[in-house]
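K.L.:
I'd like to ask some things about the structure below.
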Amino acid sequence: MSSAHTAGADTPIDPAILREAADWLTQLHGGEAGPKEWEALECWRASSPAHGRAWTRAEALMGDLRGLPGGPLRATLEKPAARRRHLLRLLWLPLLPTAGWLGWQQMRIDGERWRSAAGEQLPLTLADGTRLLLNTATEIAVDFTAQARTIHLLGGEILVTSAPDPAPLPRPLRVLTQDGSVRPIGTRFSVRRASGDADSRVVVFEGAVEVDARGRQDRVKAGQRLDFGAGGMGQPQVHAGLTDEAWTQGMVVARRMRLADLVAELDRYHPGFLRCHPDVAELRISGTFPALARARSLQLLAESLPVQVRERSAYWVTVEPIRADT
Amino acid sequence: MSDAAAALQQHVQTLYSDHHGWLRAWLRRRLGCGERAADLAQDTFVRVLSSRQAADTTAWREPRAYLTTIARNLVADHWRRQELERAYLEALAAQPEPLAPSPEAQLLIVETLLRIDACLAALPALTRRIFLSSQLDGLVYADIAEQMDVSLPTVKRHMSQAFLACLSAA
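Chains X and S, in that order, give the protein sequences. Quick note, my numbering runs 3 ahead of the 1-based positions in the first sequence. Quick note, my numbering runs 214 ahead of the 1-based positions in the second sequence.
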């Protein structure tokens with residue numbers, strides 16, 4: 004069938020007419036359009052069926068755009084997205100994943116991407132036998148060349164159990180964050196740089212690592228941890244044992260922790276938003292929370308403190324004081 | 215169905231039985247979730263079937279490379295969708311009068327966002343910035359011109375380019 008009657012919404016519209024429609028849209032959104040402009044548009048729209056169809060499409064677009072909230076959404080849409088491969092360009096699909104959080108988006112980072120969703124952990128074994136565990140909401144790029152084995156931590160937290168390089172000429176292994184590099188010496192350690200963190204933290208469980216950040220080097224040994232970032236590099240400190248390692252078992256351990264801090268920690272494992280009401284932020288809490296089992300963690304919270312967990316939606320949960328009327 | 219279409223479908227069926235298993239495992243490793251991996255494996259073959267390039271069977275000489283390229287893109291889309299969804303919810307939470315749209319409404323909005331995102335992705339950074347200032351921040355062109363230190367006609371040119379990209383993709 005090819006009669007004019009079936010020329011519906013799916014029929015291609017002449018690009019020149021779409022350009023005119025785009026110009027109309029531009030005029031109407033400038034903040035200066037008045038009745039005169041709308042009248043002129045109405046004439047244009049009515050002058051041919053093709054114009055009419057183009058304008059129907061334009062109205063649908065205006066409807067889509069209207070009422071979109073700004074702020075974080077705008078930032079995400081604005082983030083320069085790497086161009087995807089064009090194998091299937093006719094499908095109009097978007098983007099490679101953007102290069103992690105914070106300032107790193109600008110950098111071109113090579114290597115294979117791996118990513119874990121919020122509330123999930125992802126174990127990996129790399130080509131050289133190095134084992135990784137990606138904690139919740141983590142993104143890495145693995146870049147192995149003839150000279151070096153590099154793991155970029157783009158955001159989140161990883162546990163590394165390093166293996167000797169099987170290559171004839173052993174290549175150094177290193178973990179890079181936006182703050183600096185961590186080079187292991189036969190070891191098991193974790194590196195964290197989550198989206199809300201101000202700097203990077205390395206915790207060493209076995210062996211030792213060399214940290215290189217902003218022109219300073221330091222060695223961190225088993226049982227120690229070190230923070231490094233924009234504010235410089237701290238001193239290696241005795242790490243908190245179980246508390247620092249618990250995440251590798253899917254746990255968050257709190258020892259007289261501020262409730263707000265614990266909620267922020269659990270929020271990392273939450274696909275949506277977990278927020279703490281200011282009125283209960285300073286309460287102290289101790290306990291072990293199964294971070295990967297969200298419902299159970301929240302239930303434990305509510306049992307330990309005079310708070311209630313309010314689910315506005317599955318994505319949006321707040322921890323609030325218990326109200327007198329509930 | 216034409217002979218060519220029948221042959222293509224036959225081809226895809228063979229491809230499916232030979233490669234569905236490892237593709238699903240491959241996706242599972244990447245996504246850490248079996249259910250989602252199964253969905254995306256399915257989508258990968260749907261893409262093959264609906265892709266015009268599939269008829270060009272040179273791509274099939276290396277079926278693994280071909281399928282992983284498609285699957286990789288689908289994984290990328292999957293993460294981008296989550297990113298947009300999260301940003302949208304965050305934006306909602308930041309509003310003075312928090313609203314919680316129904317799950318159905320949220321789904322629609324996220325679909326819309328993905329579409330807009332796809333259109334904007336192909337545009338230069340400045341065009342994208344100008345367009346978002348106008349459409350999401352609600353600035354008038356004169357303010358945008360001042361903020362970005364460009365002329366008013368330049369702002370209009372970029373706006374028109376962005377609108378055209380969105381209209382052409384619809």
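Every residue, glycine too, gets a C-beta built ideally from N, C-alpha and C.
(1) Quick check on DSSP: helix, strand or coil for X:T29?
(2) Tell me, please, whether the region 333 to 348 of chain S touches the region 372 to 383 of chain S by the rule of three or more beta-carbon pairs shorter than 8 Å.
(3) For S:V260, which three-state DSSP category applies?
(4) May I ask you to list the residues that DSSP assigns as paired with X:R2?
(5) Going by other Cβ atoms of all chains shown within 10 Å of its Cβ, with 16 needed for buried, is S:A221 buried or exposed?
(6) Go through the region 211 to 275 of chain X residue by residue and report every complete run of the alpha helix (DSSP H) that reaches 4 residues or more, in order.
(7) Let's test the definition: count the other Cβ atoms within 10 Å of the Cβ of X:Q227 and tell me whether it reaches 16, buried, or not, exposed.
(8) With distances taken Cα to Cα, identify the nearest neighbour of S:V289 among X:S119, X:G183 and X:S51.
(9) X:W104 to X:F276, Cα distance in whole Å?
(10) Taking Cβ positions only, does S:V354 come closer than 8 Å to chain X?
(11) Can you look up X:R88 in the DSSP assignment and give me helix, strand or coil?
(12) If we count Cβ pairs, one from each stretch, closer than 8 Å, do we get three or more for the region 154 to 168 of chain X versus the region 193 to 206 of chain X?
(13) Hey, would you say the C-beta of X:G183 is under 7 Å away from at least one heavy atom of the ligand GTP?
(14) Can you tell me the Cα-Cα spacing of X:L269 and X:R278, whole angstroms?
(15) Taking a contact to mean a Cβ-Cβ separation below 8 Å, would you say S:A305 touches X:P72 in this structure?
(16) Within 8 Å of any Cβ in chain X, is that where the Cβ of S:A298 sits?
(17) Just to make sure I have the definition right: I need the residues of chain S whose C-beta is within less than 8 Å of the C-beta of X:P72. Which are they?
(18) Taking S:H372 as part of the alpha helix (DSSP H), name the residues at either end of that continuous run.
(19) Looking at the secondary structure, which residues open and close the beta strand (DSSP E) in which X:I161 lies?
(20) So which residues of chain X does S:S382 contact, with C-beta pairs closer than 8 Å?
(21) Between S:L281 and chain X, is there a C-beta pair that is closer than 8 Å?
(22) So what does X:A144 bridge to, in DSSP terms?
(23) If you measure between the beta carbons of S:A219 and S:L237, is that distance less than 8 Å?
(24) Verify whether the separation of the beta carbon atoms of X:L21 and X:A43 is less than 8 Å.
(25) Tell me the DSSP secondary structure of X:V185 in three-state form.
(26) What separation, rounded to the nearest whole angstrom, lies between the Cα atoms of X:V206 and S:R329?
(27) Mind checking which residues open and close the beta strand (DSSP E) that includes X:I16?
(28) Is X:H32 close to chain S? Criterion is C-beta to C-beta, closer than 8 Å.
(29) Under 8 Å between beta-carbons, which chain X residues line up against S:S374? List them in chain order, please.
(30) Which runs of the alpha helix (DSSP H), 4 residues or longer, sit entirely within the region 278 to 316 of chain S?
(31) Check the Cβ of S:L340 against every Cβ in chain X and list those closer than 8 Å, keeping chain order.
(32) What beta strand (DSSP E) runs, 3 residues minimum, are completely inside the region 220 to 264 of chain S?
(33) For X:Q30, which residues of its own chain have a beta-carbon under 7 Å away from its beta-carbon, when the five flanking residues on both sides are left out?
(34) Please compile the residues from chain S whose C-beta is within a distance smaller than 7 Å of the C-beta of X:R118.
(35) In terms of residues, what are the limits of the beta strand (DSSP E) holding X:R313?
(36) If you drop the 5 nearest sequence neighbours on each side, which residues of the same chain put their C-beta closer than 6 Å to that of X:R299?
P.N.:
Let's see:
(1) helix
(2) yes
(3) helix
(4) Any question about residue 2 of chain X goes unanswered here, given that chain X covers just 4 to 329.
(5) exposed
(6) 245 to 248 and 262 to 270
(7) buried
(8) X:S119
(9) In this prediction, X:W104 scores a pLDDT of 33, lower than 50, which makes its location untrustworthy; no coordinate-derived value is stated.
(10) yes
(11) Interpretation of X:R88 is limited by its pLDDT of 32, a score under 50 that renders its predicted location unreliable; no figure is taken from the coordinates.
(12) yes
(13) No copy of the ligand GTP occurs in the structure displayed, which carries no ligand at all.
(14) 9 Å
(15) yes
(16) According to the sequence provided, residue 298 of chain S is Leu. The question's Ala does not apply to it. So, interface residue.
(17) Y302, A305, L306, A308, Q309 and L350
(18) L366 to A383
(19) R152 to T164
(20) P18 and L21
(21) no
(22) X:R116 and X:H155
(23) no
(24) no
(25) strand
(26) 42 Å
(27) Unbroken run through X:I16: none, as it is neither H nor E.
(28) yes
(29) R22, A25, D26, L28 and T29
(30) none
(31) Residues of chain X passing the Cβ test: none, with the nearest at roughly 11 Å.
(32) none
(33) A36 and E40
(34) W293
(35) V310 to S316
(36) P293
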